[in-house]
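Below is one structure, written out as structure tokens; comments come after it.
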Amino acid sequence: MSDPIIKIENMNKWFGDFQVLKDINLSVEKNKKIVVCGPSGSGKSTLIRCVNRLEEHQKGSIIVDGTELNENTKNIEQVRAEVGMVFQQFNLFPHLSILDNCTLAPIWVKKMPKKEAEDLAMKQLEQVQISDQAQKFPGQLSGGQQQRCAIARALCMQPKIMLFDEPTSALDPEMIKEVLDAMVNLAKQGMTMIVVTHEMGFAKEVADEVIFMDEGMIIEKANTKDFFANPKSERTKLFLSQIL
Amino acid sequence: MNKLNFLKPDKNNLNIYLYTGSILIIISILDVFLSSFFKINATNFLPETLSLFLPLLFGLIGLHLVRIEFSGIKYLDLLNKNINTNNFNGLLTLLIIFMIILAAPPALSWFIFDANISGDTKDACTGTGACWTYIKVWFRRFMYGMYPNELQWRINVSFIILVALAFVGYFAGEKLKKFLTLYYVIIYPIIAYILIYYLISGGAFGLEWVETGAWGGLSLTFIVSFFCLIFCFPIGMLLALGRRSSLPTIKYFSVGFIEFWRGVPLITVLFMSSVMFPMFLPEDFFMDKLVRVIIAISLFEAAYVAEVIRGGLQALPRGQYDAAKSLGMGYWKMHIFVILPQALKLVIPGIANTFLALVKDTPLIFVVGLMEIAGMLGLAKTNPKWLGFAMEGYVFAAIIFWIICYAMSKYSYNLEIKYKTER
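Protein sequences, first through last, are from chains A and B. Each residue of the first sequence is one higher than the one before, counting from 18 in this note's numbering. Each residue of the second sequence is one higher than the one before, counting from 210 in this note's numbering.
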């Protein structure tokens, strides 16, 4: 068993008086794919936003690739550069072309030469099959295309870990498949992934482990087969019966 | 032939309605035109009160008759759709047309036909209209203030150079494009300062020194506006960011600064800068009046710019911050490449508003004794040899301010279109 790349210990988080995350313990090994599911408001998005410190945790520790997340902004920026994230609302930069969206961070954060960054970006855009849209602006693309561009943008930083925060929830049913295909493709290449999603088909296909969360706690954590075949807790059974 | 129903014009008898209607409209407008321009009252056989309403009535009936839906005639349809949708709009249209016709003769006679421009003294103004001689005689003062006549070429030359340098951006090649921001934000203002310091102010290279108290007129308006615009924008931007900062010191400093400057009237700020400020300085420390005024106005306007920009920052969705952070960008990279370009684009109308207000606030510098164009006007109108021509002066200044402000507003509108992006 190798060292975990993400190690979360006794992590707690409050929004004001409301406790969103309670005693979260989670370790993720390199190249593993984790799917996080659960009802809305269960804290799953907050959990993965804590991993690159878009949200601060108040208690416990989070160690990403050997770096502890704390007040030190240098550490945080370094971790963020290694952890890619894809959002529900795509969050592309509307004032930049697709290509510029992808090259912005490599050029200015990683100090990559422009030419090299552009080549890398074109390669990543090709992977998600939108290299022909490179000169367009986000507003001119469909939702599915925008989300694939967002994946490519995150990959251009050559991250070690990818976080997906409900990447298909804001999409038309038709477009969900193209985004999921891009994610499956990425999973096959051995990326470490944590995916918050309601797409159970995707979970069955690629996940090594599935985590079920409710009310800020991890209720159940099991490998994919066991999770769907014989869930242990009643709450999980109820959730699965509703969603499947 | 179809039955005519004049209450409900329709397409079947299009031509009859169209011709009757057009003739009525033409008669009504012609009647007003004749009485306004040639004092011919075609309806003087009727009581006087009626003669005013008759053309209105004729025009209304005419407009009613031509109000035919889907007539198939392009211009008629356009007319009906836009200004002749119902009787009330038709009435307003007619009234506006009549007003323009009625106002034209007196305005034209004041501006042109009864105006004088010849001669060099007040006696040349014999007509009942405007006395443009006054503007002509005082023109140099309105443009250059008390700046010595024989040295005014220095102002002209430096302004021409500055305008020419401002257009560099249009001719820059691909390779130089990325330096343009640097050029406009830092290099250009420095060049402008050097030019103004050495060429307009003089005192070196064998050029005679002209103290800033003698500067004035439109050129001073330009100098003050130019530097204030350049300084207040970056200061305002930093204040806007500061006010949203999570560091309490920076945040409360920005809040305090903004609220202080927004809370005091500009005129007191200017007064303080010139009267009070020197009292707090050591005896031998000297700061030029013009410099003090420019600093004061810049700080004052920066507070307004800050709040406008803050509005733009707040309009951006949080996702943009998240995305930039998740890519590993720090505070400054995030703001420079992601947040500010979008926020500034959103607030172009607001910024233009503030800048227009700034230009129009420059006349207030008269309280410290600096005479830009409106100040020179005040001086000229109290000159014993030229009493009684305030009207001409103010009309002249109004036209000049209007041209400047209209150009700025047009430019900001072009910027808006240029940087428009779809969300």
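We put the CB at the ideal spot given by N, CA and C, even for glycine.
Buried or exposed by the 16-neighbour rule on C-beta atoms within 10 Å, applied to residue i
i: Ser244(B); result: buried
i: Leu450(B); result: buried
i: Ile249(B); result: exposed
i: Asp117(A); result: buried
i: Met18(A); result: Summary for Met18(A): the model assigns pLDDT 49, below 50, so the residue's position carries little reliability, and this model does not support an answer.
i: Pro248(A); result: buried
i: Met210(B); result: Reliability fails at Met210(B), whose pLDDT of 49 lies under 50, so the model's placement of it is uncertain and no value is given.
i: Asp231(A); result: buried
i: Phe494(B); result: exposed
i: Ala616(B); result: exposed
i: Leu490(B); result: exposed
i: Phe32(A); result: exposed
i: Ile344(B); result: buried
i: Phe297(B); result: exposed
i: Ile409(B); result: buried
Chain B contact residues for residue i, given Cβ-Cβ distances below 7 Å
i: Ala122(A); result: Leu536, Gly537 and Met538
i: Asn181(A); result: The sequence given here has Phe at residue 181(A), not Asn. Within chain B, no residue comes near Phe181(A); the closest Cβ sits about 12 Å away, beyond 7 Å.
i: Asn92(A); result: Going along chain B, no residue has its Cβ under 7 Å from Asn92(A), so there is no contact; the nearest lies around 11 Å.
i: Met102(A); result: Ser535
i: Asn108(A); result: Gly528, Gln529, Asp531 and Ala532
Residue closest to residue i, alpha-carbon to alpha-carbon, out of the options
i: Cys340(B); options: Lys627(B), Leu555(B), Val604(B) and Phe368(B); result: Val604(B)
i: Gln259(A); options: Met217(A), Lys153(A), Ile41(A) and Asp225(A); result: Met217(A)
i: Glu468(B); options: Phe509(B), Phe489(B), Met485(B) and Cys441(B); result: Phe509(B)
i: Gly559(B); options: Lys460(B), Val514(B) and Pro550(B); result: Val514(B)
i: Val346(B); options: Met355(B), Thr330(B) and Asp497(B); result: Thr330(B)
i: Phe307(B); options: Phe242(B), Ile270(B) and Gly271(B); result: Phe242(B)
i: Leu64(A); options: Lys91(A), Gln144(A), Gln36(A) and Pro123(A); result: Gln36(A)
i: Tyr397(B); options: Ile409(B), Pro218(B) and Leu374(B); result: Leu374(B)
i: Asn48(A); options: Lys131(A), Thr90(A), Ile211(A) and Gln75(A); result: Ile211(A)
i: Leu137(A); options: Lys127(A), Thr120(A), Asp20(A) and Thr84(A); result: Thr120(A)
i: Phe442(B); options: Tyr393(B), Asn295(B) and Trp595(B); result: Tyr393(B)
i: Ala561(B); options: Ile399(B), Tyr622(B) and Ile310(B); result: Tyr622(B)
CB-CB length for residue i against residue j, believed under 8 Å
i: Phe107(A); j: Gln163(A); result: 4 Å
i: Gln152(A); j: Ser114(A); result: 6 Å
i: Ala187(A); j: Gln105(A); result: 5 Å
i: Leu479(B); j: Ala505(B); result: 6 Å
i: Leu265(B); j: Ser231(B); result: Contact doesn't hold; Cβ gap of about 17 Å is too wide.
i: Gln150(A); j: Leu158(A); result: 6 Å
i: Glu625(B); j: Ile557(B); result: 5 Å
i: Gly537(B); j: Arg97(A); result: 4 Å
i: Gly354(B); j: Ala423(B); result: 7 Å
i: Ala511(B); j: Leu573(B); result: Contact flag wrong, Cβ pair sits at about 17 Å.
i: Leu389(B); j: Ala381(B); result: 6 Å
Chain B residues whose Cβ lies nearer than 9 Å to that of residue i
i: Arg97(A); result: Lys534, Ser535, Leu536, Gly537 and Met538
8 Å Cβ cutoff met for residue i and residue j
i: Gly426(B); j: Glu581(B); result: yes
i: Ser59(A); j: Glu183(A); result: no
i: Phe181(A); j: Leu197(A); result: no
i: Lys50(A); j: Asp189(A); result: no
i: Ile432(B); j: Ile405(B); result: yes
i: Ile23(A); j: Val81(A); result: yes
i: Thr342(B); j: Ser327(B); result: yes
i: Glu72(A); j: Lys30(A); result: yes
i: Ser507(B); j: Leu565(B); result: no
i: Gly587(B); j: Leu553(B); result: no
i: Ile228(A); j: Thr209(A); result: no
i: Ile476(B); j: Val576(B); result: yes
i: Ser434(B); j: Thr571(B); result: yes
i: Leu274(B); j: Leu239(B); result: no
i: Tyr530(B); j: Ile545(B); result: no
i: Ala583(B); j: Ala599(B); result: no
i: Glu195(A); j: Gly156(A); result: no
i: Ser318(B); j: Lys220(B); result: no
i: Asp323(B); j: Thr421(B); result: no
Beta-carbon neighbours of residue i, restricted to chain B and to distances below 8 Å
i: Met174(A); result: Leu536 and Gly537
i: Leu71(A); result: Asp531, Lys534 and Ser535
Contacts that residue i makes with chain A (C-beta to C-beta distance below 8 Å)
i: Lys554(B); result: His112
i: Lys542(B); result: Trp125 and Val126
Chain-ordered chain A contacts of residue i [CB-CB under 9 Å]
i: Phe442(B); result: In chain order: nothing, as chain A lies at least about 19 Å away.
Proximal chain A residues relative to residue i, where beta-carbon distance stays under 7 Å
i: Phe546(B); result: Leu121 and Trp125
Any non-hydrogen atom of the ligand SAH closer than 7 Å to residue i Cβ
i: Ala167(A); result: This structure does not include the ligand SAH; it has no bound ligands of any sort.
Min CB distance residue i to chain E below 8 Å
i: Gly268(B); result: Here chain E cannot be found, since the structure's protein chains are A and B.
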